[in-house]
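Asker: Would you mind keeping the following structure in view while I ask a few things?
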Amino acid sequence: MIEAERTGSVGGRCSLEIDMGDNGTQALAFAVSNAVWEGRHGDRGVCRMMPNVYWRSIPMEDLRKHPQFRQLPELLESTGVPSDPDELANLRQNSKQWDLAHRNRLTSRFVPSVLGFLEEETAKDLQIPFTLKGHEKALGAFEDLLKFSENEIVLEDVRIAVEDDAIDSSLWKTRQANEPGGFPYEYHPENFVPPAEPQDNRVTALRMKWGKIHEPVSILAAVNYFSEMGAQVKETGLHCMEVHHNNVFEEYGIEGSNCLPKIGTSPDGVVDWGNGKVEALEAKNHCPFFFDRSQNKIIVKSHGPFREVGTWYIAQLMWHMLCVGPDCKSAILTSMGIDGVVMHRIQRDEELIRLMLKYVNFFFKNYVMENSAPPENFFHNEPDHRRMIFLTIKAAQEAQSVATLEGNEVQRSPQNLDFFL
């Protein structure tokens, strides 16, 4: 254990501990005293060493300028949503139009809750972490889906900007053959300045923010890897099921009346192999910040990447494959921690997708349309639901390992190296 002190802004002290961890690898854990320092005059205040969720991150705007990443064009002169559902896949994620397009879509974020996967009994079968499960997840999805009829959106014929294919040679410089390093394009960002914004230092909030901020780094890992394999990683927007499926009940042989709402999904990218084959890309970024109750401290420790695929990811990946289309026979899942990235390939399972559609339809028809909240452990022990659980576990267990990248094989920003600010 190495101990150090840092002077506070009014002359106080804030302690920092660096724990090399049980396995002795470099910088596996850092710790910061939890929220107070003692000032020179005996006052107490907030420690200035705040968790840095931007650690070595790369902004999406910079990734879009990478020569091997296919970015989406920008929208021009429009505040509405394209009337053609096929065009929604060309909306940049987190744009105003993309956000509006989601309002009447049952997207992958609802699916595990709606399928009952996060209910207590089913979650046990799927070995879902306690932080993810709970009946309140289904109730939240139920309340959100009730609002679908209220969320009218304006559909417009919009103009899409022509994509600018110009390479920013000052930001991404081609590595010379005699230069050290393992990346085809070296990243040369401007000096990083963390955004001046209030920060919620609850661990749950930190993890959510970390996951989103570090998404471009995960995508870049896929760009670097799959470019060598002859594929191209593309930015993508909202994929609508009706683009590829006119009558999903007939196609999948589902009995009963079709009460499904509009369905869509937004994977983190698409891997295009150039021969008609595409794969949905989903990036999971594991935040290193934890609250250690025994020490009353926020700590940073190695968390991931994980060499096994969690069952709780499978429904989202199947939803991606359904909506991206019939040419999407598999999905790539990246798991990234501060010590590297692990990539897996999950194969499409048509029987599992059929059962998912059946139970999503049941939820919408019998709970949402009837304005009747689902009971606890709904669907549990129904024969088809048990079959769906079995296929979900099977898909996770049969996931194929694609690549394992060590920390130095993951391209990150050369700046912003401190875990605490």
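Throughout, the numbering used here is defined as the position within the sequence shown, counted from one, plus 1213.
Positions of the beta carbon are idealized from the N, C-alpha and C atoms, including for glycine.
If you're wondering where the values come from, they're calculated on a predicted model, not measured in any experiment.
Check E1399 in the structure and name its three-state DSSP category.
Answerer: Strand at E1399.
Asker: Leaving out the 5 sequence neighbours to the left and right, which residues in its chain are closer than 7 Å to V1416 when beta-carbon positions are compared?
Answerer: Excluding residues within five positions, the ones whose Cβ falls inside 7 Å are F1502, F1503, F1504.
Asker: How big is the Cα-Cα spacing for A1311 and G1293?
Answerer: Correcting the residue type first, residue 1311 is Trp in the shown sequence and not Ala. Spanning the two alpha carbons is a distance of roughly 10 Å.
Asker: Does the region 1512 to 1525 touch the region 1441 to 1448, meaning 3 or more C-beta pairs lie closer than 8 Å?
Answerer: The answer is no - the region 1512 to 1525 does not touch the region 1441 to 1448, with fewer than three Cβ pairs under 8 Å.
Asker: Among the candidates H1279, L1535, A1586, D1299, whose CA atom is the shortest distance from the CA of E1349?
Answerer: Minimum Cα distance to E1349 is reached at A1586.
Asker: Whole angstroms are fine: how far does the CA of C1500 sit from the CA of P1264?
Answerer: Looking at the two C-alpha atoms, the distance is approximately 11 Å.
Asker: Please work out which residues of its chain come closer than 7 Å, Cβ to Cβ, to D1481, disregarding the five sequence neighbours upstream and downstream, and give them in chain order.
Answerer: Contacts found: E1428, I1432, L1494, E1495, A1496.
Asker: Report yes or no: do three or more beta-carbon pairs, one from the region 1465 to 1479 and one from the region 1565 to 1583, lie closer than 8 Å?
Answerer: Yes, the region 1465 to 1479 touches the region 1565 to 1583.
Asker: Tell me which residue opens and which closes the beta strand (DSSP E) that T1617 is part of.
Answerer: Taken as a continuous stretch (DSSP letters only), the beta strand (DSSP E) holding T1617 covers 1613 to 1619.
Asker: When we look at the beta-carbon of T1220 and count the other beta-carbons within 10 Å, is it buried (16 or more) or exposed?
Answerer: Annotation note: pLDDT 34 at T1220 (below 50); position unreliable, no value reported.
Asker: In or out: R1156 buried (at least 16 other Cβ within 10 Å) or exposed?
Answerer: This structure cannot settle anything about residue 1156, because the visible part of the chain is limited to 1214 through 1634.
Asker: Taking the DSSP output, what are the residues bridged to D1485?
Answerer: DSSP, once it has assigned bridges, lists Q1445, V1491 as partnering D1485.
Asker: For W1525 and V1513, what's the separation of their Cα atoms in angstroms?
Answerer: Cα-Cα distance, rounded: 24 Å.
Asker: Can you name the start and end residues of the alpha helix (DSSP H) that R1567 belongs to?
Answerer: Unbroken alpha helix (DSSP H) run through R1567: 1563 to 1576.
Asker: Closer than 7 Å by C-beta to V1266: which residues in its own chain qualify, once you throw out the five before and the five after it? Chain order, please.
Answerer: Result list for V1266: L1419, K1422, W1423, I1426, in chain order.
Asker: Just the C-alpha distance for M1454 and D1540, rounded to the nearest angstrom, thanks.
Answerer: In a straight line, the C-alpha of M1454 is about 13 Å away from that of D1540.
Asker: What did DSSP end up calling N1437 once you bin it into helix, strand or coil?
Answerer: Note: N1437 maps to helix in three-state DSSP.
Asker: From the DSSP output, which residues share a beta bridge with C1453?
Answerer: In DSSP, C1453 forms a bridge with G1477.
Asker: Taking a contact to mean a Cβ-Cβ separation below 9 Å, would you say H1557 touches S1614 in this structure?
Answerer: Taking 9 Å as the Cβ cut-off, H1557 and S1614 qualify as a contacting pair.
Asker: Less than 8 Å between the CB atoms is what I'm expecting for A1434 and T1344, so what's the real figure, rounded?
Answerer: So it is not a contact: roughly 25 Å between Cβ atoms.
Asker: C1536 by DSSP, collapsed to three states: which one?
Answerer: Correct three-state label for C1536: helix.
Asker: With 16 as the cutoff for other CB atoms within 10 Å, does G1353 come out buried or exposed?
Answerer: Classification of G1353: exposed, given that the 10 Å Cβ count is below 16.
Asker: Could you say which of M1262, E1332, Q1284, P1627 lies nearest to N1594 if we only look at CA atoms?
Answerer: Comparing Cα-Cα distances from N1594 to each of M1262, E1332, Q1284, P1627, the minimum goes to E1332.
Asker: Counting only runs that start and end within the region 1257 to 1339, where is the alpha helix (DSSP H) found for 4 or more residues in a row?
Answerer: Runs found: 1273 to 1276, 1309 to 1314, 1324 to 1327, 1333 to 1339.
Asker: Tell me whether Q1389 sits in a helix, a strand or coil according to DSSP, three-state version.
Answerer: Note: Q1389 maps to coil in three-state DSSP.
Asker: Does the ligand GTP have a heavy atom nearer than 8 Å to the CB of P1480?
Answerer: The model on display carries no ligand, and the ligand GTP is accordingly not part of it.
Asker: Assign F1462 to one of three DSSP states: helix, strand, or coil.
Answerer: DSSP places F1462 in helix when its eight states are reduced to three.
Asker: Output needed for G1489: all residues of its chain with C-beta closer than 7 Å, excluding positions within five of it in sequence on either side, in chain order.
Answerer: Counting only Cβ-Cβ distances below 7 Å, and skipping sequence neighbours, we find D1540.
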